[in-house]
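In the UniProt record's numbering, the protein residues as written are 1 to 92.
Beta carbons: idealized from backbone N, C-alpha and C, even for Gly.
All remarks here apply to the structure that follows.
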Amino acid sequence: MEFGGFRLRECRLQEAKARDTQFFDLKTRQPKWFFSISGLVDTMRQARKQSAVARDNPPTKLTWYFMQPIPHEYFAGRFVDEDLSIECVFYP
């Protein structure tokens with residue numbers, strides 16, 4: 001399992017996502033069809049696996065950083081809906 005980074009003092013695993021707005025419809029703020037076929041599936045699979053690692057290894061925390069607001073809003077909602085242990089931060 002790979003992560004984008006780790007903050008030892010906080011025992012925090014990190015993942016960063018950038019420039020993903022191109023995969024979303026700007027009006028509906030939902031994934032475009034081609035992204036929903038594989039990219040979204042892969043991203044959610046990654047999130048579930050990383051969340052499980054964090055949950056199984058307390059006191060580990062997991063934070064995903066998003067550079068753009070639309071993907072941040074979308075994935076923050078998905079992670080809550082699936083009860084994933086992932087803090088989402090909008091960090092332009």
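On a Cα-Cα basis, can you pick out the residue from the options that is closest to residue i?
i: Thr63; options: Ala54, Thr43, Ala18; result: Ala54
i: Phe6; options: Ser51, Thr60, Ala76; result: Thr60
i: Arg12; options: Pro58, Thr21, Lys32; result: Pro58
i: Ala16; options: Val80, Phe75, Arg9; result: Phe75
Following the continuous beta strand (DSSP E) through residue i, name the residue where it begins and the one where it ends.
i: Tyr74; result: Note, Tyr74: premise wrong, no beta strand (DSSP E); alpha helix (DSSP H) at 69-81.
i: Thr63; result: 61-66
i: Lys32; result: From DSSP, Lys32 is part of no beta strand (DSSP E); its letter is neither H nor E.
i: Ala16; result: 12-17
Which first and last residues belong to the alpha helix (DSSP H) in which residue i is found?
i: Ala47; result: 40-55
So residue i and residue j are supposed to be a Cβ contact under 8 Å. How far apart are they, rounded?
i: Phe24; j: Ile70; result: 5 Å
i: Glu2; j: Arg29; result: About 28 Å; that fails the 8 Å criterion.
Determine the contact status of residue i and residue j, defining contact as a CB-CB distance below 8 Å.
i: Met67; j: Pro31; result: no
i: Met44; j: Arg19; result: no
i: Gln14; j: Tyr65; result: yes
Within 8 Å, do at least three Cβ pairs link the stretch 37-52 to the stretch 72-90?
yes
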